[in-house]
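Chemist: Protein chains in written order, with the working numbering: chain A, 1 to 334; chain B, 1001 to 1282; chain C, 2001 to 2306.
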C-alpha cells in the first residue's frame, strides 16, 4: 500500500472508530431510556424522593378542563415558574416533573420543566425584569438564578440546556446540577419509585407515583358508618395516580396494600364512601351521578379506583345551590 | 540486449490494444497516481491545519468547562456553529477551490500532463481519477476532525443527551461529503475552462453565494443555500440563530439539486477537457 | 500497406503563426531523423503525431487511425517529450511502474518492464532514488525509459540525447538503432546533424514549418560539402598552421584574428580538412577549435537561399 493510501486508510479508520464510539456512547447515555411516563431528564430528580409527579402541559392547557376552570386549575408550579422566569408555560413548556418528600424540609421539592427555552433571553429577563429579585450564580458550570424565598430558604432556577430547566430549593437545584455535570442519574437508584413508574403507561395528561410516605398524613382510621366503631384503614404501600382531561375527566388510582385481604378491606371501605355519596343525592342529585361514575375493584393486593366525570357533571357540582335550583332540571309538573 | 518481457505464463491475458483502457481501471490508475501527489503536498498541510482547527476549539471549550468557566453556548450548539458556519460556509468551499481548480492546472503547469495524455486512457477517466483523488484527500482531512470535534463537544457534560445528537453527526458527515463534491465539481469546471480560475472562484464564494441571505427565490441559485438547509442545527437562542441560515429549503429537493449540479458540472468539465489541446513548451 | 505514420497535407497554426505548413509525408518503419533548427516545427510535427494537437487542416494518421482522439494508439506508441518534467516525488521505478499501470499492465509485469527499461538506459542502480534528485542526464534517460518500457511499435523521440554525456549518448544511439533494426518506427528529432547521422541515414529536413527535403543523410552531407565551411582555430603559432593548410586545394580562404592567436579557415571540403588537420594542429600547438557551421542553422540558411 502506498503512503498516501495508508494515510487515507488510517483516516477512514479513525472515522470508523469515532463513529462506533459515538454509537456506543448512545448506549452509555444513562438518561437514554425513559422509564414509563418519566422522560430521561426526569432521572435527575433526587434519589430520596418519595413521590414523583408529571404533567403534560400541552395536553393540560389544550383540555376542556383548563379552558373551563383555568383560573382555579392553574397549578402552583406553573404560576411560580412564570413569576420567576418570565416563561409562559402554556407556550414554552411541554412537561413539568415534580419530585419531593411529603415531610418537607430544605431540599424537599424540586421541579424539572421540559420545553423550548431561549436561555439567553430568559437569563436576561430573570436578571433584569423578573417579578422576584434574583441573583446569578455559577454552579458546576451552569448559571443558576437564586431567589430569596423568605422563611422557606433560597430558591433557584437553572437552565440545564435549551430544553430543560430545573427549579426548586437551592440545595435541590444544586444537587440536580451536580448530577448533570457528573453524568449521574440519581432517581434511577430509587428502586421503589422506578418499579412504580414502570407500571404507568405513558400518555396520561397527569400522573403521580409515591410510596407509603405519601399517605403518611392520612388518618389510620375513619369513623364507622352510622357513627359506629372506627374502621382502621389498611396501610397503603404505594400509590399510582394517572388522569386525563379530554374528553372527560378520567382518573385512575392504584393502591398497593400488604395483602389481598387488606385490599379487599380497603375496597369495601371505599365502596362504602361511594355509597354514602350516592345517598346524598336527595340534597344534590349530581352526587348520585358522581357516585355512579366511580368504581372500586381489587386485584390481588391492588385496589383499583377509576372514575370518569363528564364536564357537565363537574360544572353542575361547581354551581351554587341557588344557581343549581335555577339551572337544575325543572321540577316535575304537579 | 534482451527484448522486453511479455506476460509470464499464468498471468493476465494480453491487453486489448485496439481499445483504450476501460473507464474504471483507467480512473483507478490515475487516482492512485494523483493521490500520491495530493496527500503529500504543502497544500494538504495547510488544509489539514484549517480543517483540523475545530478540534482545537473543542479542546479549548473542554478546558473552559474544567476550569468551571460558565459557557454561554452548550457543546452541541458550538458543534452546530462549527459545522454550519466554519465548515460548510467557509473552509470546505475554500478547500474545494484550491484543490479542484488545480486538478488539471497543476499538471499543465508542471508539464506532466503529457504523460497522461500519451497513455491509452480515455480523457474522462483522467479527470474522474483526479476528482476522486481530490475527494479522497479532502474527506481524509475533514472527517476525522469532524468526528473528533463532535465527540469532544457532545460529551462535554457527560453522555447525557448524546442519543439525539449522534444521528446529526452522521448527517453532517454526509453534508460535508456533498459540499466537497458539489463545490469541487463546480471548481473543476472553472479550472478546465479558465486559465486563472481562483479569482472567479473567490468571487463566486464571497459575492454570489451571499445572495443566500436575500429572501425569495435567489437562495435556490446558490450551493450554500441548499447545503445550509441540509444542516439542521437551529438553536433556539436568539443570539446564535442569526449565525444560521434563515431560509430553510426542502431537504429532499436539496439532495436532488446538489447531486444533479455536481453531475452536471463534472459532465461539462469532462466535455471541455476531452476537446481541449494542451501545449506544454520547454 | 500504409505507413505507420502519415501526414496528408497537414497544417497547424496558432493564430497568425503557422507552425506546420502543408506537410505530406509517410514515415516508414525504421529510424527517421527529423532535422531542423530551433523553431522549425519539429515539436509541432511530433505533437501532431502523438495526438497532443489536432491539425488545423489536413490529416495525421498514426497506425492507420487519426492521431488526434485515438488514445488506444498509445498501447503501441511511446513519446519521449522534450520538456524536462516529472512527478518529482516519485522514484525512477515508481515513475515507470505508475505509467505502465496506466498502459494496462498487471502489477508484476509493470515492475518487470520498468526494471528492464531502467537497465536499458543504465539507471537500474538509481531506480529507488527520487527523480527530483536525478542529474540532467539521468532525467533524460528516465524520460526515454518511460517511452520504451511498454515496447511500443512507434517511438517519437524529441531531442532524446540532449544534455547527455558521450557514454550515455552512445548508449541511446545504439538503442535507437537496435529498435530500428527490429522493425519499429522511430522518429528522432534534433537540430544537431551528426547526432542524427549516428542513428540513421534517412532524414526529414524541416524549416519554417515546411519539409525542405527527405532522403539519405549523405545527400545532405554533399550539400554541406558544397557549402563553404568555416573553421576557427586558436594556436600557439597560427602562422605555422596557416602555412600547413594553405597549400591544400580545398582551402578557399584564410584570415588571422586581431589578437594574432586565431586563424579562420574557409574550406569547401570540411571532411578532408578535418582529416588533414591533426598533424598540423599538433605542430602549431592548436588549443581550441570551433565551427559555426557545425549545426544546421547555417546549412539551412544556405539551403533556403539556393
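Glycine included, every Cβ here is placed at the ideal spot set by N, Cα and C.
Name the chain B residues whose beta carbon is nearer than 7 Å to that of residue 5 of chain A?
Modeler: The residue you call residue 5 of chain A lines up with position 5 of the first chain. The contacting residues are 1035.
Chemist: Excluding sequence positions up to five away, which residues of its chain have a Cβ less than 8 Å from the Cβ of residue 1175 of chain B?
Modeler: What you label residue 1175 of chain B is simply residue 175 of the second chain in a count that begins at 1. Once the five neighbours on either side are set aside, the close Cβ partners of residue 1175 of chain B are 1083, 1088, 1227, 1230 and 1231.
Chemist: What would DSSP say about residue 283 of chain A, mapped onto helix, strand or coil?
Modeler: Here residue 283 of chain A is taken as the residue at index 283 of the first chain, counted from 1. Residue state, collapsed to three classes: coil.
Chemist: Assuming residue 55 of chain A and residue 110 of chain A are in contact, meaning their beta carbons sit under 8 Å apart, how far apart are those beta carbons, in whole angstroms?
Modeler: Taking the first chain and counting its residues from 1, one reaches residue 55 of chain A at position 55. Taking the first chain and counting its residues from 1, one reaches residue 110 of chain A at position 110. About 15 Å separates the two Cβ atoms, so there is no contact after all.
Chemist: Compare the C-beta of residue 1116 of chain B against all C-beta atoms of chain C and say whether one is closer than 9 Å.
Modeler: Taking the second chain and counting its residues from 1, the one referred to as residue 1116 of chain B is at position 116. It does: the Cβ of residue 1116 of chain B has a partner Cβ on chain C nearer than 9 Å.
Chemist: Pick helix, strand or coil for residue 121 of chain A, following the three-state DSSP scheme.
Modeler: For the purposes of this step, residue 121 of chain A is taken as residue 121 along the first chain, with counting starting at 1. DSSP places residue 121 of chain A in helix when its eight states are reduced to three.
Chemist: With DSSP collapsed to three states, give me the class of residue 2021 of chain C.
Modeler: Start at 1 with the first residue of the third chain, and residue 2021 of chain C comes out as number 21. Strand at residue 2021 of chain C.
Chemist: Just how far apart, CA to CA, sit residue 2251 of chain C and residue 2240 of chain C?
Modeler: The count along the third chain starts at 1 and reaches residue 2251 of chain C at position 251. The count along the third chain starts at 1 and reaches residue 2240 of chain C at position 240. Near 15 Å, if we compare the C-alpha coordinates of residue 2240 of chain C and residue 2251 of chain C.
Chemist: Enumerate in chain order the residues of its own chain whose CB-to-CB distance from residue 90 of chain A is below 6 Å, with the five nearest sequence positions on each side excluded.
Modeler: Indexing the first chain from 1 puts residue 90 of chain A at position 90. Closer than 6 Å at Cβ, skipping near neighbours: 61.
Chemist: Decide if residue 1183 of chain B is buried, meaning its Cβ has at least 16 other Cβ atoms within 10 Å, or exposed.
Modeler: Working through the second chain from its first residue, we reach residue 1183 of chain B at position 183. By the neighbour-count rule (16 or more Cβ atoms within 10 Å), residue 1183 of chain B is buried.
Chemist: Under a three-way DSSP split, which group does residue 2 of chain A fall into?
Modeler: Stepping through the first chain from its first residue, residue 2 of chain A is reached at position 2. Coil.
Chemist: For a quick check, are the C-beta atoms of residue 1143 of chain B and residue 1052 of chain B less than 9 Å apart?
Modeler: To locate residue 1143 of chain B, count along the second chain from 1; it is residue 143. To locate residue 1052 of chain B, count along the second chain from 1; it is residue 52. No, the Cβ-Cβ distance between residue 1143 of chain B and residue 1052 of chain B is not below 9 Å.
Chemist: With DSSP as the reference, label residue 1277 of chain B as helix, strand or coil.
Modeler: Against the second chain, residue 1277 of chain B aligns to sequence position 277. Residue 1277 of chain B: coil per DSSP, three-state reduction.
Chemist: Is residue 1096 of chain B close to chain A? Criterion is C-beta to C-beta, closer than 9 Å.
Modeler: For the purposes of this step, residue 1096 of chain B is identified with residue 96 of the second chain, where counting begins at 1. It does not: the Cβ of residue 1096 of chain B has no partner Cβ on chain A nearer than 9 Å.
Chemist: For residue 189 of chain A, count the other beta carbons within 10 Å of its own beta carbon; 16 or more makes it buried, fewer makes it exposed. Which is it?
Modeler: In the first chain, residue 189 of chain A corresponds to position 189, counting from 1. The residue is exposed, with fewer than 16 neighbouring Cβ atoms inside 10 Å.
Chemist: Listing by chain order, which chain B residues have their CB less than 8 Å from the CB of residue 2118 of chain C?
Modeler: Residue mapping note: residue 2118 of chain C aligns to position 118 of the third chain, counting from 1. Going along chain B, no residue has its Cβ under 8 Å from residue 2118 of chain C, so there is no contact; the nearest lies around 12 Å.
Chemist: Determine contact between the region 2186-2197 of chain C and the region 2109-2117 of chain C, defined as no fewer than three beta-carbon pairs at a distance below 8 Å.
Modeler: These segments do not touch.
Chemist: Interface residues of chain B around residue 2101 of chain C at Cβ under 7 Å?
Modeler: Here residue 2101 of chain C corresponds to residue number 101 of the third chain, with the count starting at 1. Chain B residues near residue 2101 of chain C: 1029.
Chemist: Can you tell me whether residue 1236 of chain B is helix, strand or coil according to DSSP?
Modeler: Locating residue 1236 of chain B in the second chain gives position 236, where the first residue counts as 1. Since pLDDT at residue 1236 of chain B reaches only 43, below the 50 mark, its modelled position is unreliable, and no value is offered.
Chemist: For the putative contact between residue 113 of chain A and residue 88 of chain A, defined by C-beta atoms under 8 Å, what is the C-beta separation to the nearest angstrom?
Modeler: Residue numbering aside, residue 113 of chain A sits at position 113 when the first chain is read from its first letter. Residue numbering aside, residue 88 of chain A sits at position 88 when the first chain is read from its first letter. Rounded, the Cβ-Cβ distance is 12 Å, inconsistent with contact.
Chemist: Would you mind listing the alpha helix (DSSP H) stretches within the region 237-321 of chain A that are 4+ residues and don't spill past its ends, in chain order?
Modeler: Qualifying alpha helix (DSSP H) stretches, in chain order: 260-279, 285-292 and 311-318.
Chemist: Looking at the strands, I want to know which residues DSSP matches up with residue 2267 of chain C.
Modeler: Position 267 of the third chain, counting from 1, holds the residue named residue 2267 of chain C. The partner list for residue 2267 of chain C (beta bridge, DSSP) reads C:2229 and C:2251.
Chemist: Check whether the Cβ atoms of residue 2195 of chain C and residue 2169 of chain C sit closer than 9 Å, and answer yes or no.
Modeler: For this step, residue 2195 of chain C is matched to residue 195 along the third chain. For this step, residue 2169 of chain C is matched to residue 169 along the third chain. A contact, by the Cβ cut-off of 9 Å.
Chemist: Is the region 1058-1067 of chain B close to the region 1102-1113 of chain B, with three or more CB pairs under 8 Å?
Modeler: No, they do not touch.
Chemist: If the cut-off is 9 Å on Cβ atoms, which residues from the region 266-296 of chain A count as contacting chain B, listed in chain order?
Modeler: Here the close residues number zero.
Chemist: Between residue 28 of chain A and residue 1159 of chain B, what straight-line distance do the alpha-carbon atoms span, to the nearest angstrom?
Modeler: As a first step, residue 28 of chain A must be located in the first chain, where it is residue number 28. As a first step, residue 1159 of chain B must be located in the second chain, where it is residue number 159. Answer to the nearest angstrom: the Cα atoms are 7 Å apart.
Chemist: Kindly list, in the order they appear in chain A, the residues whose Cβ is closer than 9 Å to that of residue 1040 of chain B.
Modeler: Working through the second chain from its first residue, we reach residue 1040 of chain B at position 40. By Cβ distance, chain A contributes 3, 4 and 7.
Chemist: Which residue's Cα is closest to the Cα of residue 1209 of chain B: B:1093, B:1107 and B:1252?
Modeler: As a first step, residue 1209 of chain B is located in the second chain; it is residue number 209 there, counting from the start. Nearest of B:1093, B:1107 and B:1252 to residue 1209 of chain B, Cα basis: B:1093.
Chemist: For residue 2139 of chain C and residue 2243 of chain C, what's the separation of their Cα atoms in angstroms?
Modeler: Position 139 of the third chain, counting from 1, holds the residue named residue 2139 of chain C. Position 243 of the third chain, counting from 1, holds the residue named residue 2243 of chain C. Residue 2139 of chain C and residue 2243 of chain C: Cα-Cα distance of roughly 47 Å.
Chemist: Below 9 Å between beta carbons: does that hold for residue 294 of chain A and residue 307 of chain A?
Modeler: Here residue 294 of chain A refers to the residue found at position 294 when the first chain is read from its first residue. Here residue 307 of chain A refers to the residue found at position 307 when the first chain is read from its first residue. Contact: yes.
Chemist: Residue range of the alpha helix (DSSP H) that residue 2240 of chain C falls in?
Modeler: One-based indexing of the third chain puts residue 2240 of chain C at position 240. Unbroken alpha helix (DSSP H) run through residue 2240 of chain C: 2238-2246.
Chemist: Check the Cβ of residue 1108 of chain B against every Cβ in chain C and list those closer than 8 Å, keeping chain order.
Modeler: Taking the first residue of the second chain as position 1, residue 1108 of chain B is located at position 108. The premise fails here: residue 1108 of chain B is roughly 10 Å from chain C at the closest Cβ pair, so nothing lies under 8 Å.
Chemist: Is residue 9 of chain A buried or exposed, if buried means 16 or more other CB atoms sit within 10 Å of its CB?
Modeler: Counted from its first residue, the first chain places residue 9 of chain A at position 9. Burial call: exposed.
Chemist: DSSP three-state label for residue 106 of chain A, please.
Modeler: Taking the first residue of the first chain as position 1, residue 106 of chain A is located at position 106. With a pLDDT of only 48 at residue 106 of chain A, under the threshold of 50, the placement of this residue in the model should not be trusted, and no figure is reported.
Chemist: If you draw a straight line from the alpha carbon of residue 4 of chain A to that of residue 43 of chain A, how long is it in whole angstroms?
Modeler: For the purposes of this step, residue 4 of chain A is taken as the residue at position 4 of the first chain. For the purposes of this step, residue 43 of chain A is taken as the residue at position 43 of the first chain. Looking at the two C-alpha atoms, the distance is approximately 49 Å.
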